[in-house]
Structure formats: structure tokens, C-alpha cells
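What follows is one structure encoded as C-alpha cells, with my remarks underneath.
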Amino acid sequence: MTTILEVEQLKTRFRTDNGVVSVVDGVDFSIHAGETLGIVGESGCGKSVTSLSIMRLLPPNGKIEGEIRFNGKNILDLTEKEMQSVRGNEIAMIFQEPMTSLNPLHTVGRQIEEAIILHMKLDKAEAKKRAISLLKAVGMPRAEEIYEEFPHQLSGGMRQRVMIAMAMGCNPKLIIADEPTTALDVTIQAQILDLMREVKEKTGTSIMLITHDLGVVAEMCDRVIVMYAGQVVEETDVDTLFENPKHPYTIGLMNSIPELDDEREYLDTIPGTVPLPHQMPKGCRFAPRCSQAMAICHEKPPELLQLNGHKCRCWLYAEEGEQQ
Ligand code: SF4
Ligand code: MG
């Protein structure tokens, strides 16, 4: 299996009024060619900062350490100019709210073409042809007309289709999708997920899918990483995750998924909130919210343990697991 992205000991810190805070704290993972990797966790767990670090799109007070190897090359060693050719061309990104990443003043067609002209060196007429065929590929009715329209003339679901068309524009090897369906209603959400699966099957691109929604993970992902408070707390393939979740945080997330025949009035959500980066507990970061916490959990941070086909950061498994 070819590995296209390898993230090693990624640490992302920000200078703030509270001093330097660490939002991503020693994260390791890799993505293979053609694979969809899910990154799950509540907001504030460092998922989006992980993806912005890979794209090197952090605000000026952010600093990245570690290695991010894309096709064997450390992205952190590239010049800004080299990085620009990676962005959009080799790694494309789809965000939750397309309105923030689409330019309201430019037509849909022009925005899709811009990246194609820049990276693929096509002329205007060829780029237009490709833009229209991309709009058709993402299931847009009236592709020729939509090509001339502005983002505000489209519905949320259509705008997300435009974002996917833009992401596909240069045949990227990796698409990073950050909560791509969270802002959409359920029916449209299902259509967009179907479309992303179709894109993956047709093009063989890898996808890194960031979501707080385990239902989306179940439908889309091959492998999953669960993040909590800036660290990986569990990693395994998607079937194992659902059959045999190990980390109390993962189990809590699963109990929060509504089921179709659910008669519970309230879902079992996990009590409390993700700790702020400058207020990390001294032991296990999940301990203040964990119903299984033991004395050691409040004292000493657990390591990410290697279990059988599974990685898990929790003292409950200290005896059966090997330290990484
Ligand atoms: Fe809960 Fe302890 Fe495991 Fe942390 S290490 S998740 S507090 S049992
Ligand atoms: Mg986020």
C-alpha cells in the first residue's frame, strides 16, 4: 500500500494572551493511496488545526513542529511558493461553509477555472470546458447556466457541489474535507456524501474526512482516528471501531449517536467540555469527564498503546497493550 501522507509528532502551538498554547500535541498518522481516513472528535479537539497545519494555512501566531511528509517530502521544508503549488493542485480542501471559501464577486465558472488555469496550464477555452464537465460530474443540473452564476444564487447543497468540483479540478491526490456536510440538511447531506464516495471511486483520490459525526464516519471511512484535546486517543479500522470501541471517549461519542428507533428523550452525551489548551489536566486529558477514571488517571498521562489492530491511549488497557 502506498502511503501518501505521513504525519509524525505534529505539534501546533499558538502565541496567545494566555501564553503559548499547544492545540495539537504530538499527533501521528498516515493516509494510504485511495483510502478515506476519518478524524473524529468534538470541536476544540484539534481536528481543524491538524488539517490547516497540513495545508500550512495557520494564522501568523501559529507554529508547526514535527514532520508532514506528502509523497515522501516534508511539507514543512517547502518554500511558500512550492507550497502554493501543492495547495489546490495536489492537496485540495473542502470546508464546512462554502460561502466563506467562495468569492462572492466571481462567477462559479471563473472560480473553478482559476485553479485549473494556474496549475494545469490550460488556456481559457479548455479550462471552461473542464469547468463545465466538472459541474456535470458533481451532478449539477443546468451546468452551463450555473457556470455563469454567482455563489449567492445557489443553495447550500449546490455550493458544496461547486466546492467539490473545485477540489477535483486538478485531480488532487488528497482531498481534506473539514465537516463538509455539517451545515446541510439531512437529505442533502446524504447526497453530498454519495458524491464524495463516487469521486473517490472514480479518481482514486485519498480523503481525510474531519467530522464530529460518527454516522458520517460509518458511511465513508476505511480507518478512523479519534482525537481528544489535541492528541490521538484511539485509532483502528472502521469496522473494529464500531464493533469494539475501546477508549471511554469513543464509547461516549457512540452513545451520543441517535438511533432510528431511539425512544430516549435525551441522548447520553458526555458530561463537561473539552479542556482549554492552557488548562490541560495533568494526567489523562479526558479524566475530568470519564466515568471510569481511576487514581492514576488523574496523576499520569497515559501513552498511546498498541493493542491488537488497535491503538488506544487509556490506563484501562495498560496491561494488555504495548507502548508505541
Ligand atoms: Fe478514563 Fe483513565 Fe482511560 Fe483516561 S486513562 S480515558 S480517565 S480510564
Ligand atoms: Mg473544526
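If you're matching positions, the sequence shown starts at 1 in UniProt numbering and goes up one per residue. All residues carry an ideal CB built from backbone N, CA and C; glycine is no exception.
By alpha-carbon positions, which one of the options ends up nearest to residue i?
i	options	result
L276	N89, N18 and L10	N18
V27	S53, L57 and R197	S53
S30	I4, C284, H298 and S48	I4
S256	E42, K136, D123 and M168	E42
G157	N171, V186 and A167	V186
G204	D194, L174 and V108	L174
H152	P104, N171, V138 and G139	P104
The ligand SF4 and residue i: does the residue's C-beta get closer than 6 Å to at least one heavy atom of that ligand?
i	result
A295	no
C284	yes
A318	no
P275	no
P302	yes
Q84	no
Q292	yes
P248	yes
A287	yes
Where do the ends of the alpha helix (DSSP H) carrying residue i lie?
i	result
G156	G156 to M168
S133	K124 to A137
T36	Run containing T36: none in the alpha helix (DSSP H); it sits in the beta strand (DSSP E), T36 to V40.
R110	V108 to M120
D28	Counting along the chain, D28 falls outside any alpha helix (DSSP H), though it belongs to the beta strand (DSSP E) covering G19 to H32.
Considering residue i, what are the terminal residues of the beta strand (DSSP E) in which it resides?
i	result
M1	Unbroken run through M1: none, as it is neither H nor E.
C312	H310 to C312
Y228	R223 to Y228
D239	Segment V238 to E243 is the alpha helix (DSSP H) holding D239; no beta strand (DSSP E) there.
Q306	L305 to L307
Assign residue i to buried or exposed, taking buried as 16 or more other Cβ atoms, counted over all protein chains shown, within 10 Å of its Cβ.
i	result
T50	buried
P248	buried
D77	exposed
Q189	buried
E322	exposed
M93	buried
P245	buried
H119	buried
I296	exposed
Less than 7 Å separating the beta-carbons of residue i and residue j?
i	j	result
E179	Q231	no
P301	R289	no
M227	K73	no
R130	I117	no
E35	D222	yes
Looking at residue i and the ligand NAP, is the gap between the Cβ and the nearest heavy atom below 6 Å?
i	result
C314	Absent from the structure shown: the ligand NAP. Ligands present: the ligand SF4 and the ligand MG.
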